[in-house]
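**Student:** Residue numbers (the working numbering): 1 to 352. I'd like to ask some things about the structure below.
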Amino acid sequence: MSGKMRVGIIGAGTIGSVHADAYKKVADADLVALCDILPDRLKEKAERHDIALTYENYKDLLANPDIDCISVCVPNNMHAPIAIDALKAGKNVMLEKPMAMNPAEGEAICAARDISGKTLQMGMVRRQSPDAEVVRELIQSGKLGDIYQIRIRLIRRRGIPGMGGWFTTKAESGGGGLIDIGVHFFDLAMWATDLWNPTRVSAKTYAKFGSPMEDYNYIGMWAGPPDYEGTFDVDDYAAGFVRFGTQATMSFEVAWAANATDEQMLEILGTKGGVKVGGDTILLTEVDGRLADIKLNFDKKADGFVKELTKFVAASKGEGEVPATGEQGVVAMKLIDAIFRSSELDQEVTID
Ligand SMILES: NC(=O)c1ccc[n+]([C@@H]2O[C@H](COP(=O)([O-])OP(=O)(O)OC[C@H]3O[C@@H](n4cnc5c(N)ncnc54)[C@H](O)[C@@H]3O)[C@@H](O)[C@H]2O)c1
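Here you go:
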């Protein structure tokens, strides 16, 4: 399809603004519409990003036949309703992470995509970072050999966002740190290794810092300030062990808050080499019979959101594949769902 795609963003909060800035740098995108239920925020963001059309009801935006593509940038409980309505309205959909509240909602989104024939892309921006691409290339080229273990440590010492708001209210978020930040690294690990078959999970989630909310000791609060009249009923720490059939395993710790040092680490172990993402990207291998630690250098400047949205617009035009599919989003949702189930049942659970 020739010409620019006309884009609308639904949700004018933090990530809606990030998408707006990024779309301005996508050559084939024309950002024309913005929607938010908060009129003051809508007006302020539309002016800031120079967006002509504004809507307080997303259904009115979807009814505009001139809009081709939608970014869904609202709280998690609204992902499925808006994505499904957008696909039914014939729009191409860029859906922020996590895909939905649970696997059933994710599957319903994929079904709506199939009926519509439109593009659906998951917002897994971490895949677009240069270190992630380098690690996937190493694995694809066989330099790590057979992959048998993945380690994830995604730790914020004090990083609960918007205490009392939608992030910490399970009915709106679907969960805490596990679904909010854990989904990024679960997706990254499965994408880098092509291990899209988690089969069994033994895990435990905790909520040790959010209740009572007033006792939470922190330095800064992303998406804050706290609303002590609100709700905190989600996890702030999760740990567990995942099997990918008999082929490989994954251990993980994901924390919004813990008495532990901040860390963002994904380590992948193979028979010929191991690699670590987070900080320097180091390949641990053997060269001519000697153990070798190889620091990989590459251009780290690329903007992941611009890359992600460029690919979304191209796919919407029929000029490429989406980098993150709805089916992969459903697998991530099934894994997170299994972690919650295992914790509740206090036993290992299976994933269908
Ligand atoms: N990819 C990333 O790295 C990343 C980073 C941050 C957030 N996110 C995701 O983006 C989504 C939004 O997060 P955020 O931090 O921008 O939240 P936010 O609270 O800053 O913004 C959400 C906005 O959606 C609006 N909204 C709520 N319901 C709406 C509706 N029915 N119609 C229109 N607007 C509605 C709210 O008024 C608010 O302005 C979440 O799913 C989050 O997980 C992704």
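Built from N, CA and C at the ideal position, the CB exists for glycine as well. This one's a predicted model, so the numbers in the text were calculated from it and none came from an experiment.
Please give the ranges of any alpha helix (DSSP H) in the region 130-158, keeping only runs that are unbroken, at least 4 residues long and fully inside the region.
**Tutor:** Whole alpha helix (DSSP H) segments, 4+ residues: 130-140.
**Student:** Can you tell which of Leu34, Gly279 and Ile109 has its C-alpha closest to the C-alpha of Asn297?
**Tutor:** Closest option to Asn297, Cα to Cα, is Gly279.
**Student:** Using beta-carbon positions only, say whether Thr271 and Asp146 come within less than 8 Å of one another.
**Tutor:** A contact, by the Cβ cut-off of 8 Å.
**Student:** Leaving aside the five residues before and after Lys118 along the sequence, list all residues of the same chain whose C-beta is less than 6 Å from its C-beta, in chain order.
**Tutor:** Excluding positions up to five away in sequence, the list reads Leu87 and Asn92.
**Student:** Can you check which of these residues, Asp293, Val7, Val26 and Asn102, is closest to Val331 by C-alpha distance?
**Tutor:** Considering only alpha carbons, the answer is Asn102.
**Student:** What would DSSP say about Ile15, mapped onto helix, strand or coil?
**Tutor:** Reduced to three states, the DSSP call for Ile15 is helix.
**Student:** Give me the Cβ distance between Ala189 and Ile152, rounded to the nearest whole Å; I'm assuming they're in contact under 8 Å.
**Tutor:** Confirmed, Cβ separation roughly 6 Å.
**Student:** Tell me whether Glu137 counts as near ligand 1, meaning its Cβ is closer than 7 Å to at least one heavy atom of that ligand.
**Tutor:** Because no heavy atom of ligand 1 lies under 7 Å away, the Cβ of Glu137 does not count as near it: no.
**Student:** Does the beta-carbon of Asn297, which I'm using as the reference point, lie nearer than 7 Å to any heavy atom of ligand 1?
**Tutor:** No, ligand 1 has no heavy atom inside 7 Å of this Cβ.
**Student:** So, is Thr205 buried or exposed, given that buried needs 16 or more other C-beta atoms within 10 angstroms?
**Tutor:** Looking at its Cβ environment, which holds 16 or more other Cβ atoms inside 10 Å, Thr205 is buried.
**Student:** Going by beta carbon distance, what residues of the same chain come within less than 6 Å of Ala207, once the five residues before and after it are set aside?
**Tutor:** The residues are Asp235 and Asp236.
**Student:** Can you give the Cα-Cα distance for Asp293 and Arg136, rounded to whole angstroms?
**Tutor:** Distance between the alpha carbons of Asp293 and Arg136: 18 Å.
**Student:** Hey, would you say the C-beta of His79 is under 7 Å away from at least one heavy atom of ligand 1?
**Tutor:** It does: the Cβ of His79 is within 7 Å (strictly closer) of some heavy atom of ligand 1.
**Student:** For the alpha helix (DSSP H) containing Lys276, list its first residue and its last residue.
**Tutor:** Run containing Lys276: none in the alpha helix (DSSP H); it sits in the beta strand (DSSP E), Gly274 to Val277.
**Student:** By Cβ distance below 7 Å, which residues in the same chain neighbour Ala192 in space, the five residues on each side in sequence not counted?
**Tutor:** Ala132, Val135, Arg136, Ile139 and Ile268.
**Student:** Looking at the unbroken beta strand (DSSP E) that takes in Lys295, where does it start and where does it end?
**Tutor:** Unbroken beta strand (DSSP E) run through Lys295: Arg290 to Lys295.
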